[in-house]
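Protein sequences appear in the order of chains A and B. For the first sequence, the UniProt record's numbering begins at 1 and goes up steadily by one. For the second sequence, the UniProt record's numbering begins at 1 and goes up steadily by one. From the three backbone atoms N, C-alpha and C, an ideal C-beta is built for every residue, glycine too. Single-structure report; data block below.
There are 2 protein chains.
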Amino acid sequence: MPVFTGALAHALVAPTRYGVALFPDFEAIDIFGPLDALNAVAYSYQINLTLISTTLDPVTAKPQSAAMNLLNSSFGESIVPTHTFDTAPELDVLLIPGGLGTRAPPPQLDPLIAFIKERFPTLKHLITVCTGAGLAARAGVLDGKYATANKKAWASTIAWGPKVRWVAQARWVQDGNVLSIIFINVNESHLNKCFRWSDITIAFIEAVYGNMTATSIANGMEYVRHLNSTDDPFAALNGLTNVNNSTNQK
Amino acid sequence: MPVFTGALAHALVAPTRYGVALFPDFEAIDIFGPLDALNAVAYSYQINLTLISTTLDPVTAKPQSAAMNLLNSSFGESIVPTHTFDTAPELDVLLIPGGLGTRAPPPQLDPLIAFIKERFPTLKHLITVCTGAGLAARAGVLDGKYATANKKAWASTIAWGPKVRWVAQARWVQDGNVLSIIFINVNESHLNKCFRWSDITIAFIEAVYGNMTATSIANGMEYVRHLNSTDDPFAALNGLTNVNNSTNQK
């Protein structure tokens, strides 16, 4: 059996089937930040994207709660699902964004959480951004795993996953390896998505497509990467310490 | 007549009606980057957003040219217009994204370019990102104005505006002031949108909503702003110098 190394090896094992779980009042940059970097991957690898929701109706980023829109702004954008949770094809990678919509009252998010639980065993990689980690935690798929989440929403998010090894001092957390499951949970305080998603998306691209691709994209972005996932001043800023025997993951 | 200062003065003169011009194969982050920061503004100011295209059909970010998708990836996302170029309401701010779609063959972009030309005199602010400056140039509205654009697409973009004072050495360019027209053109090389849009969107927010709002959002983003618009190593990297009697704008 031939031994493949470098870019060819990555081409053989790299994920090709990406999915994004949608819900009303998602945080736009949590989706479009990672996708913009992955769009660049699509020039070098044959990959495809499905956008998944409860129905095929457009899904809006607008605040759904009047309490979160006290000035009655009409500011938000809608994107179009390609599949429902019932019709989605098999996936290698599932991305779960955060946003205020993660706090929607039950049973609104039940189909999404059931989908995460159902699909998790067949995924190569699960990526959560911001409070999206809370949705994965509610699906139970992070139990016993290292994960992190939004620091300003820390208490409410970790309450969703009492068996998760939540890492407070982390820009991101990876549990598992490229050939099994990678959990990448962006750790950020409010409005920090646009920058942390860069670190994490490039880290993901490096893990699955190799250093050459990642370096090329980072250089194209003119972005100085944060390579130390524990270089996170915002845990202390929010008075947080690690819990559940968690340790910082490189 | 009372004299208003500070936050109150900004509330009185600040723009409220935002529009984004859409076209197929737009660069997703050119739209969702600025909008994510402006979403935060929507908590503090009553503002609204219209998404404008030729028809009300969803508009995709997917490459439209087979030459730009040699591996036949199916990777892109569609957003839903709220208005057409014929039905769009009056606007204070028009944002024009860049992307490969700016190179679509005529007459595909004619309605968009006509819309820019028609609406420009009634706008308070025009914001272009990346090669979006080329669309504004083709509409003739940048003639005699300072502007900048994507550096890797520099030659093809400035060819669209022979009467524009193109500034090569600039992260962004502002022509006019907050009470008339601001041109903010993001200068970036390929894939740099996600970072330069931050500088420029926060600069815009500072100009129209005041330093307090801009600082709050920048700090929330944990972002160290680039305050010098001419701190741009990528002009030299691409062998570019200023033309048409352009000078760097602060």
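- Put simply, of A:Lys145, A:Ala37, A:Gly134, A:Thr87 the residue whose alpha carbon is nearest the alpha carbon of A:Arg119 is A:Thr87.
- For the region 64-88 of chain A, the set of residues with a beta-carbon nearer than 9 Å to any beta-carbon of chain B comprises Met68, Asn69, Leu70, Leu71, Asn72, Ser73, Ser74, Phe75, Gly76, Glu77, Ser78, Ile79, Val80, Thr82, in chain order.
- Relative to B:Ser53, the option among B:Met68, B:Asp30, B:Leu22 whose CA is nearest is B:Leu22.
- A check of alpha carbon separations from A:Val41 across B:Trp154, B:Leu142, B:Phe75 identifies B:Phe75 as the nearest.
- The beta carbons of B:Ala136 and B:Ile116 sit closer together than 8 Å.
- Using a Cβ distance threshold of 8 Å, B:Asp36 and A:Ile96 do not count as a contacting pair.
- For the pair B:Gln46 and B:Thr16, the CB atoms are nearer than the 8 Å cut-off.
- Within 10 angstroms of the beta-carbon of A:Leu227 lie fewer than 16 other beta-carbons, which makes it exposed.
- When DSSP reads this structure, B:Arg17 sits in a beta bridge with B:Asn48.
- DSSP places B:Trp154 within a helical segment (H, G or I) once states are collapsed to three.
- Taking CB atoms only, B:Phe26 has no neighbour in chain A less than 8 Å away.
- Counting only runs of 3 or more residues that sit fully inside the region 86-147 of chain B, the beta strand (DSSP E) segments are 93-96, 125-128, in chain order.
- Around the Cβ of A:Lys163, a 10 Å sphere holds fewer than 16 other Cβ atoms; the residue is exposed.
- At least one CB of chain A lies nearer than 8 Å to the CB of B:Asp36.
- Residue burial is scored here from C-beta neighbours: B:Asp143 has fewer than 16 other C-beta atoms within 10 angstroms and is therefore classed as exposed.
- By the neighbour-count criterion, in which a residue is buried when 16 or more other Cβ atoms sit within 10 angstroms of its Cβ, B:Gly239 is exposed.
- One finds nothing in chain A with a Cβ atom closer than 7 Å to the Cβ of B:Ile127; even the nearest lies about 15 Å away.
- Taking 8 Å as the cut-off, the Cβ atoms of B:Thr84 and B:Thr50 do not count as close.
- At least one CB atom of chain B sits nearer than 8 Å to the CB of A:Ala42.
- Within a 10 Å sphere around the beta-carbon of B:Leu126 sit 16 or more other beta-carbons, which makes this residue buried.
- Scanning A:Leu94, A:Tyr43, A:Lys152, A:Phe204 for the CA closest to the CA of A:Leu100 turns up A:Lys152.
- Of all alpha-carbon atoms in B:Thr122, B:Val20, B:Phe204, B:Glu77, the one lying nearest the alpha-carbon of A:Gly33 is that of B:Glu77.
- Looking at the DSSP output, B:Val59 bridges to B:Ile79.
- With a threshold of 8 Å between beta carbons, B:Ile158 makes no contact with chain A.
- Assignment of beta-bridge partners to B:Thr84 by DSSP yields B:Ser53.
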